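Residue numbering for the sequence shown follows the numbering used here, starting at 112 and increasing by one per position.
For every residue, glycine included, the Cβ atom is placed at its ideal position computed from N, Cα and C.
Because the structure is a prediction, the values reported are computed rather than measured.
A short worksheet on the structure shown next.
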Amino acid sequence: MTVTTPALADLTTIRVGGVPDRLVAVDDRDALVAAVLEARDSGEDRLLLGGGSNTVASDDGFEGTVIHIRSRGVDRLPAPEGRVRLRVQAGEPWDDLVALTVGNGWSGIEALSGIPGSTGAAPVQNIGAYGQEIESALVGVEFLDDITGEEEYLSRAELGLGYRTSTLKRGRSGVVLSVDLELTDGTVPGALGAPLSAPVAYAQLADALGVPLGSRVPVAELRRAVLALRSSKGMVLDPADPDSVSSGSFFTNPIVSEQFARSLPAQAPRWPQDPLEPDTVLTIPLDGVHPMDVPPLAAAEYTVKLSAAWLIENAGIRRGFALPGSSAGISSKHTLAIVNRGGATGADVAQLASFIQARVQAEFGVVLQPEPVLVGLEL
Ligand SMILES: Cc1cc2nc3c(=O)[nH]c(=O)nc-3n(C[C@H](O)[C@H](O)[C@H](O)COP(=O)(O)OP(=O)(O)OC[C@H]3O[C@@H](n4cnc5c(N)ncnc54)[C@H](O)[C@@H]3O)c2cc1C
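Now the structure itself:
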């Protein structure tokens, strides 16, 4: 019997990417450890893949082994009164986990409803949406360092989390084996009514719920509202929605200095941003900031977050846009998502992303940075 290796297009949500040299699917923690150590010992390159929802791969596939992480399991750990601690295996689908926690009346990750992918990948870019990030519920991760071959525990602080980043996304090599989260138990005896969410921290979500910012609503209601908002933007994987054949937002919101932000049109949205961690500033390309910001500023001076969607739209690129002859296009619901409209290649996606980058740079002097991990592709 011949077993054919699936293409990365079959394992990623944007459905592009060629056939890798080798694919190993691992169904439990031990198999994951063994596969990572085997790849390390053989000296070949390896690519970790969970749900493939933040990976955009080249049409050439991957020279090396793709380790497809499918380990499952959620265990309860001891926790203080009123709190719930969970240890979640890396391959557990993130949204199944959110549904489980909400179903039990536990709050802390409910605004992250509907984000595709695996739990092990969630700390990699500190997933966030609607005013919540995994950081606020994260205790730490069981981690296999594939340079030393040692298993260790990395606390939240050691993961260096920031806006869509962590030490793992910035290049620390290894695999998250499991993720520990701490949530609030809204079902404690004596609590009145339905278990409540964490305070609503996003204006659009508060509006959708018809409550002031900072309110708590039943946790299940919050999940429903987030899923409805996400669906309206094509941000929930849905076989019936062609706009969801994407990697979610393709670009992160740029973080710039106050001085640079002042050079933009007054109507450009901007939000205060906690000063960056010193090592994150390396992720901002030095040629990607306005000439006024050269020589490079200290990390602490990058304090303003801009809207990538606004920059793209105001560089003249609208929803539904596509380059002539290309099957990659901008989502018809959300300017930040690049969509495979059917038969697009990795090269089509990269070409459109580079085009957007160049237009925004020419118009505003900002080089947008891709949010997904690009494998064998460059912008
Ligand atoms: C429709 C849609 C909507 C989205 N909305 C959001 C959103 O609102 N907010 C948000 O933050 N993201 C969003 N995303 C992006 C994506 O869902 C998240 O980044 C998710 O956490 C990726 O999980 P994954 O398992 O699919 O990662 P993959 O694409 O499989 O992997 C992503 C990266 O993590 C690495 N990795 C995977 N598993 C592990 C592991 N166990 N240990 C170490 N490294 C690992 C991979 O090597 C790769 O570099 C969206 C994506 C889509 C398609």
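Reduced DSSP category for residue i - H, G, I as helix; E, B as strand; rest coil
| i | result |
| --- | --- |
| residue 467 | helix |
| residue 174 | coil |
| residue 371 | helix |
| residue 188 | strand |
| residue 410 | helix |
| residue 442 | coil |
| residue 123 | coil |
| residue 148 | helix |
| residue 451 | strand |
| residue 212 | helix |
| residue 218 | strand |
| residue 460 | helix |
| residue 479 | coil |
| residue 140 | helix |
Interface flag, residue i vs chain B, CB-CB below 9 Å
| i | result |
| --- | --- |
| residue 235 | In the structure shown, chain B does not exist; there is a single protein chain. |
Own chain residues within Cβ distance below 7 Å of residue i, not counting five before or after
| i | result |
| --- | --- |
| residue 314 | 324 |
| residue 297 | 216, 217, 218, 306, 307, 330 |
| residue 122 | 160, 163, 179 |
Test item: CB-CB of residue i and residue j under 9 Å
| i | j | result |
| --- | --- | --- |
| residue 363 | residue 309 | no |
| residue 242 | residue 162 | no |
| residue 219 | residue 212 | yes |
| residue 352 | residue 359 | no |
| residue 235 | residue 255 | no |
| residue 415 | residue 383 | yes |
| residue 115 | residue 131 | no |
| residue 196 | residue 290 | no |
| residue 355 | residue 347 | yes |
| residue 462 | residue 417 | no |
| residue 224 | residue 338 | yes |
| residue 240 | residue 341 | yes |
| residue 427 | residue 470 | yes |
Sequence-distant residues of the same chain with beta carbon closer than 8 Å to residue i, five excluded per side
| i | result |
| --- | --- |
| residue 398 | Its pLDDT being 43, under 50, residue 398 is placed unreliably by the model, and the measurement read from it follows with that caveat. The answer, listed in chain order, is 478. |
| residue 486 | 119, 128, 158, 166, 167, 168, 169, 173 |
Cut-off 6 Å between Cβ atoms - residues of its own chain near residue i, not counting five sequence neighbours on either side
| i | result |
| --- | --- |
| residue 452 | 438, 440 |
| residue 317 | 311, 324 |
- request: Return the chain-ordered ranges of every alpha helix (DSSP H) run that is complete within the segment 302-386 and spans a minimum of 4 residues.
  value: Qualifying alpha helix (DSSP H) stretches, in chain order: 314-320, 330-343, 369-373.
Within the segment 225-289, ranges of the beta strand (DSSP E) (whole runs, at least 3 residues): Whole beta strand (DSSP E) segments, 3+ residues: 249-256, 262-266.
task: Would you check if there are 3 or more beta carbon pairs closer than 8 Å linking the segment 267-279 to the segment 161-176?
output: These segments do not touch.
Cβ contact (3+ pairs, closer than 8 Å) linking the segment 204-211 and the segment 144-152: Of all C-beta pairs linking the segment 204-211 to the segment 144-152, fewer than three are shorter than 8 Å, placing the two stretches out of contact.
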